[in-house]
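**Q**
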Amino acid sequence: MGSLLPLDFVAFALAIYLLAQILRRKPRLPPGPPGYPIVGNIFDIPRNEGFIVYKEMSRVYDSEILHFNMAGTSVIVINSFNIACELFEKRSSIYSDRPRFPMLNELMGFDWHFGFMPYGDSWRDHRKLFHQEFQPPATLHHRPNELLATRHFLGKLLRSPSDFERHLRHMAGMIILSAAYGINVQPQDDPYVAISEKALHAVSCAGNNTDYLVDQLPFLKYVPEWFPGAGFKRQAREWRETISAMHQLPMDFVRHSIANGNAKDCIATRVLESMHEDGSYSPEKERLLQNVLAAIYAAGADTTVSTLGSFILAMVLNPEIQKKGQAAVDEVTGGIRLPDFSDHHSIPYIDAMVKEALRWKPVLPLAVPHLSTTDDEYGGYFIPKGSVVIGNSWYDVRFALHYT
224 MGSLLPLDFV
234 AFALAIYLLA
244 QILRRKPRLP
254 PGPPGYPIVG
264 NIFDIPRNEG
274 FIVYKEMSRV
284 YDSEILHFNM
294 AGTSVIVINS
304 FNIACELFEK
314 RSSIYSDRPR
324 FPMLNELMGF
334 DWHFGFMPYG
344 DSWRDHRKLF
354 HQEFQPPATL
364 HHRPNELLAT
374 RHFLGKLLRS
384 PSDFERHLRH
394 MAGMIILSAA
404 YGINVQPQDD
414 PYVAISEKAL
424 HAVSCAGNNT
434 DYLVDQLPFL
444 KYVPEWFPGA
454 GFKRQAREWR
464 ETISAMHQLP
474 MDFVRHSIAN
484 GNAKDCIATR
494 VLESMHEDGS
504 YSPEKERLLQ
514 NVLAAIYAAG
524 ADTTVSTLGS
534 FILAMVLNPE
544 IQKKGQAAVD
554 EVTGGIRLPD
564 FSDHHSIPYI
574 DAMVKEALRW
584 KPVLPLAVPH
594 LSTTDDEYGG
604 YFIPKGSVVI
614 GNSWYDVRFA
624 LHYT
């Protein structure tokens, strides 16, 4: 009889354990489409205009937070400005990391861009150098070149207004390439501007982490190019060459100019000279400089063209606002000169017009994805560690409560 007691105890303990497992409350994930076995919601992720689709999903599921299961990885979409601020700013220690970008970083070789780097020492080093060269006092150094490029743009726009987008790209390239590398952009068909256009097109196609199946199933990157359905590998190889050229060629120009003794004052030469003067130079630091300059080249060219293109569209669609803006400028300049940086604070209406254009057409409708580094909870919803968290910028800036 006594020998049954241990067995009874084990059975009782097992029953308690099973009951606890049954009664244990499963973490409550944000709502979203039900998905399919194994692959989850891979087929529910929109390939085009996701920012609009996610807005509609928020209405359907009556939630500003959405959840998608991407073959085992949680993807959280935030359709709220307040929630985005809470997670990405107040809880930045949890959400500062980046997910893997198999297509963009691993296959296309864009891993040198610190905007897509995982959080860590390398990211901090890149960000430190960026802020060193682009904090507000440092940017004053670039204003003469910005004014010169703007004057060139206006002349081109006057002669051929229908080519405004090409003129915008030339102006952006003129500003950035001169400031970063000391390169004088050619009046037409500049090779560096052409390279950046091709590279930025590639990045825009692969940068949102949802358009290519390899981003959800990273093992697919090992599939050979000849395999059926592996067209993404061939595409990545072509884009990799273009991205490598954007990263390498401008810095080669700087090295060649320094070797020939005719290098111009620019960020690259100033930082390299400073490194040699204080004895801190190393190939690793030069590589870091090359990465940061290429990131500036990539980000600045694209955002400048996108922002000013949206502004021009807004003026075409709203001629009465354009007239008010012109009147505000003429009031300060007397209508006899072009405005410059000294007039900035005297024309607040123009500042408001630009900000409204940014709100109306944000450069990134869906923000660059973040990665949660630990389990978290918001509003009763569970956000698992390793979740890819995306802010719907387009939806946020259209929230009526903030803009009426």
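Mapping of the sequence shown onto the working numbering: position 204 corresponds to residue 427, and the numbering continues sequentially without gaps.
Beta carbons: idealized from backbone N, C-alpha and C, even for Gly.
None of the values given here were measured: they were computed from a predicted structure.
Let me check one thing: in DSSP terms, what residues is Asp320 bridge-paired to?
**A** Leu594
**Q** Since Met474 contacts Gln513 with CB under 8 Å, what's their CB separation in whole angstroms?
**A** 5 Å
**Q** Would you give the residue range spanned by the alpha helix (DSSP H) that Phe274 belongs to?
**A** Note, Phe274: alpha helix (DSSP H), Gly273 to Tyr284.
**Q** Does Phe450 come out as helix, strand or coil in the three-state DSSP assignment?
**A** In this structure, Phe450 counts as coil in the three-state DSSP scheme.
**Q** Taking the beta strand (DSSP E) that Leu289 belongs to, which residues open and close that run?
**A** Leu289 -> beta strand (DSSP E) spans Ile288 to Met293.
**Q** From the DSSP output, in three-state form, read off Asn302 for me.
**A** In the three-state scheme derived from DSSP, where H, G and I count as helix and E and B as strand, Asn302 is classed as coil.
**Q** For Asn615, list the residues DSSP reports as bridge partners.
**A** Leu589
**Q** Looking only at its own chain, which residues have a Cβ that is under 6 Å from the Cβ of Gly430, when we skip the five neighbours before and after it?
**A** Only Leu327 meet the Cβ criterion.
**Q** Which residues bound the beta strand (DSSP E) around Asp574?
**A** Asp574 -> not in any beta strand (DSSP E); alpha helix (DSSP H) instead, spanning Pro571 to Trp583.
**Q** Restricting to Cα atoms, I'd like to know which of Phe353, Ile481 and Tyr277 is closest to Ala590.
**A** Tyr277
**Q** Rounded to whole angstroms, what's the CA-CA distance from Asn407 to Met469? Just pull it up for me.
**A** 16 Å
**Q** Label Tyr435 either buried or exposed according to how many other C-beta atoms from any shown protein chain fall within 10 Å of its C-beta, with 16 as the threshold for buried.
**A** buried
**Q** What do you reckon, are the CB atoms on Val477 and Leu352 nearer than 9 Å?
**A** no
**Q** Kindly list the residues whose CB is nearer than 8 Å to the CB of Ser297, restricted to its own chain and excluding five residues on each side of it in sequence; keep chain order.
**A** Leu252, His290, Phe291, Ile606, Pro607, Gly609, Ser610 and Val611
**Q** Comparing C-alpha positions only, which one of Arg460, Asp412, Ala402 and Ser533 sits nearest to Val491?
**A** Note that residue 491 corresponds to Ala in the displayed sequence, not to Val. Comparing Cα positions, the closest option is Ala402.
**Q** From what residue to what residue does the beta strand (DSSP E) around Ile606 run?
**A** First-last of the beta strand (DSSP E) with Ile606: Tyr604 to Ile606.
**Q** Assess, as a yes-or-no matter, whether the segment 318-333 is touched by the segment 575-594 under the definition of 3 or more beta carbon pairs within less than 8 Å.
**A** The segment 575-594, when compared against the segment 318-333, does touch it at the 8 Å Cβ threshold.
**Q** Quick check: the Cα distance between Asp563 and Asp574, rounded to an integer number of angstroms?
**A** 13 Å
**Q** Can Phe633 and Gly548 be called in contact, C-beta distance under 9 Å?
**A** Residue 633 is absent from the model: the chain starts at 224 and stops at 627.
**Q** Enumerate in chain order the residues of its own chain whose CB-to-CB distance from Leu246 is below 6 Å, with the five nearest sequence positions on each side excluded.
**A** Because Leu246 carries a pLDDT of 48, less than 50, the predicted location of this residue cannot be relied on, and no value is offered for it.
**Q** Suppose you measure from the CA of His568 to the CA of Thr527; what does that come to, to the nearest Å?
**A** Using only the alpha carbons, I get a separation of about 21 Å.
**Q** Three-state secondary structure (DSSP) at Asp525?
**A** helix
**Q** Using the rule of at least 16 other Cβ atoms within 10 Å of the residue's Cβ for burial, across every protein chain shown, is Gly273 buried or exposed?
**A** buried
**Q** Rounded to whole angstroms, what's the CA-CA distance from Leu370 to Glu329? Just pull it up for me.
**A** 39 Å
**Q** On the DSSP bridge list, what partners appear for Gly263?
**A** Tyr259 and Met293
**Q** Quick one: give me the first and last residue of the beta strand (DSSP E) that Glu600 is part of.
**A** Asp599 to Tyr601
**Q** Alpha carbon to alpha carbon, what distance is there between Ile418 and Asp619?
**A** 33 Å
**Q** Exposed or buried, which one is Pro196 when buried takes at least 16 other CB atoms within 10 Å?
**A** Because the chain is modelled from 224 through 627, residue 196 falls outside the range shown and cannot be assessed.
**Q** With distance defined between alpha-carbon atoms, name the residue in Ala517, Arg582, His364 and Glu600 nearest to Gly338.
**A** Ala517
**Q** May I ask you to report which of helix, strand or coil DSSP gives Cys489?
**A** Three-state result, Cys489: coil.
**Q** Comparing C-alpha positions only, which one of Pro260, Arg314 and Gly263 sits nearest to Tyr601?
**A** Arg314
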